[in-house]
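Asker: Counted the way this note's numbering counts, the sequence shown spans residues 4 to 97.
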Amino acid sequence: MAKRKNPFLAAILSLLIAGLGQIYIRKYPRGAVFLSLEIITFGIFLWIHHDVGGFLNLSVSIFAAYDAYKLAVEMNKEIKIEEKSKEMPEVYIG
């Protein structure tokens with residue numbers, strides 16, 4: 004059974020470095036995509052255009068934080084449903 008994950012921690016991790024929150028909740032491909040976008044936008048910030056790169060980098064981080072939070076909440080709901088279904092005994096009538 005999967006462990007519950009803290010949505011706020013997932014969001015903070017992705018806000019610090021996009022993709023870390025997704026990796027924390029074990030959504031590795033999604034985390035890799037956000038981490039790649041973080042690297043690309045940081046490269047744009049450093050070498051091409053500071054204003055555009057900074058805006059893109061911040062946008063990616065904020066969206067990644069939102070995504071990680073939302074995924075953690077959904078994952079926790081699924082885990083709760085699984086736990087409830089295991090608690091209820093099966094009853095057959097007929």
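The beta-carbon is built from N, C-alpha and C at its ideal position, and this holds for glycine as well.
What does the Cβ neighbour count give for Tyr95, buried or exposed, with the cut at 16 atoms within 10 Å?
Answerer: Taking the first residue of the sequence shown as 1, we reach residue 95 at position 92. Per the 10 Å Cβ criterion, exposed.
Asker: Could you pull out every residue in the same chain whose Cβ sits closer than 6 Å to the Cβ of Ile15, ignoring the five residues on either side in sequence?
Answerer: Taking the first residue of the sequence shown as position 1, residue 15 is located at position 12. Result list for Ile15: empty, nothing under 6 Å.
Asker: Note the first and the last residue of the continuous alpha helix (DSSP H) segment covering Tyr27.
Answerer: For this step, residue 27 is matched to residue 24 along the sequence shown. Counting along the chain, the alpha helix (DSSP H) containing Tyr27 begins and ends at 23-27.
Asker: Could you give the distance in angstroms between the alpha-carbon of Leu12 and the alpha-carbon of Val55?
Answerer: Here residue 12 is taken as the residue at index 9 of the sequence shown, counted from 1. Here residue 55 is taken as the residue at index 52 of the sequence shown, counted from 1. Each residue's Cα considered, the two are about 28 Å apart.
Asker: Give, in chain order, every unbroken run of the beta strand (DSSP E) that is at least 3 residues long and sits entirely within the stretch 46-86.
Answerer: Correct list: empty.
Asker: Please name the residue, chosen from Arg29, Leu23, Ile51, that lies closest to Ser39 on a Cα-to-Cα basis.
Answerer: Along the sequence shown, one-based indexing puts residue 39 at 36. Among Arg29, Leu23, Ile51, the Cα nearest to that of Ser39 belongs to Leu23.
Asker: Across the stretch 78-87 and the stretch 45-54, are there enough close Cβ pairs to call them in contact, namely three or more that are closer than 8 Å?
Answerer: Contact fails: fewer than three Cβ-Cβ distances are below 8 Å.
Asker: Please classify Arg7: does DSSP put it in a helix, a strand, or coil?
Answerer: Sequence index remark: in the sequence shown, residue 7 carries index 4 (1-based). Arg7 falls in the coil class under three-state DSSP.
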